[in-house]
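Counted the way the working numbering counts, the sequence shown spans residues -7 to 161.
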Amino acid sequence: MNEKIEKRLYQLEKKEDGQSVSNDGGFHSGSLREEECLKPLLEDYIPIGLKTIFVDLELDNHCSGDFNVGVWGNINYPKCQNKPHLHPGSHLSGTYYVKHPADSGNLRLYNPHSYHDLEPFMNSHLEIYPSPCEFYIWRSDLMHDVGVNLSEEDRISIAFNLYLHPKKS
């Protein structure tokens, strides 16, 4: 799956200008919702991950399990990064890592409750060291960024926003 996604993103990069959102350099695609190469991610991986999250956060009492998704690709060239940002309007956000060379930038999720008086006891952020084929999901209102790509290779990821459907009474 990763080879197909990588190939498709490089094809799109040649055809599109890309978007400038949180990316500081690199390529940010438009919507990839209809891309055939993403079907396993959108139809299998994410729903399985959501089931676990629903149980862990006790959301299964409130959410139907159905969701809409917005999805796009990122190619972060060497020396590029994603600045701190949120994903307003969605419930959950996530990233699937297609290619993540060593030193290509880690995902940082910032603690919204970091009290500086407790600094030795509480971290200001959680730093995640991703590997290819891993994906992470978090609340969309959680500030996050991705560090500078210090490797000689591109970092490639698929990012997504999830819009959950409430259970009908």
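From the three backbone atoms N, C-alpha and C, an ideal C-beta is built for every residue, glycine too.
### Task
Please classify Lys(-1): does DSSP put it in a helix, a strand, or coil?
Secondary structure of Lys(-1) (DSSP, three-state): helix.
### Query
Between His105 and Lys7, what straight-line distance do the alpha-carbon atoms span, to the nearest angstrom?
Whole-angstrom Cα-Cα distance: 42 Å.
### Query
Helix, strand or coil: which one does DSSP assign to Asn15?
In the structure shown, Asn15 sits in a strand (DSSP, three-state: E or B).
### Query
How close, in whole Å, do the beta carbons of Asn15 and Asn66 come, if the pair is a contact with beta carbons under 8 Å?
About 7 Å separates the beta carbons of Asn15 and Asn66, which is inside the 8 Å limit, making them a contact pair.
### Query
For Asn60, does the three-state DSSP call read helix, strand or coil?
It is a strand residue.
### Message
Using C-beta distances below 7 Å, list every residue in its chain close to Lys75, excluding the 5 sequence neighbours before and after it, in chain order.
### Response
Around Lys75: Ser14, Asp16, Asp137.
### Message
Taking its Cβ as the centre, do 16 or more other Cβ atoms sit within 10 Å of Val63, making it buried, or is it exposed?
### Response
Val63 is buried by the Cβ-count criterion.
### Task
Ignoring anything shorter than 4 residues or poking outside the region 62 to 109, list the alpha helix (DSSP H) runs there in chain order.
Runs of the alpha helix (DSSP H) inside the region 62 to 109: none found.
### Query
Could you give the distance in angstroms between the alpha-carbon of Phe152 and the alpha-carbon of Asp133?
The straight-line gap from Cα to Cα measures roughly 14 Å.
### Query
Quick one: what's got a C-beta closer than 8 Å to Tyr128's C-beta in the same chain, skipping five residues either side?
Excluding residues up to 5 positions away in sequence, Gly86, Thr87, Leu99, Ile120, Pro122 lie with their Cβ nearer than 8 Å to the Cβ of Tyr128 in the same chain.
### Query
What is the rounded straight-line gap between the Cα of Gly81 and the Cα of Tyr155?
Whole-angstrom Cα-Cα distance: 8 Å.
### Message
Could you tell me the alpha carbon to alpha carbon distance between His77 and Ser161, rounded to whole angstroms?
### Response
Roughly 35 Å between the two C-alpha positions.
### Classification of Gln3 by the beta-carbon crowding that lies within 10 angstroms, buried from 16 upward
Label assigned to Gln3: exposed.
### Message
Quick check on the DSSP output: what are the complete beta strand (DSSP E) runs of length 3 or more inside the region 15 to 41, in order along the chain?
### Response
None, since the region 15 to 41 contains no complete beta strand (DSSP E) of that length.
### Query
By DSSP, does Val138 sit in helix, in strand, or in coil?
Note: Val138 maps to strand in three-state DSSP.
### Message
Can you look up Asn153 in the DSSP assignment and give me helix, strand or coil?
### Response
It is a strand residue.
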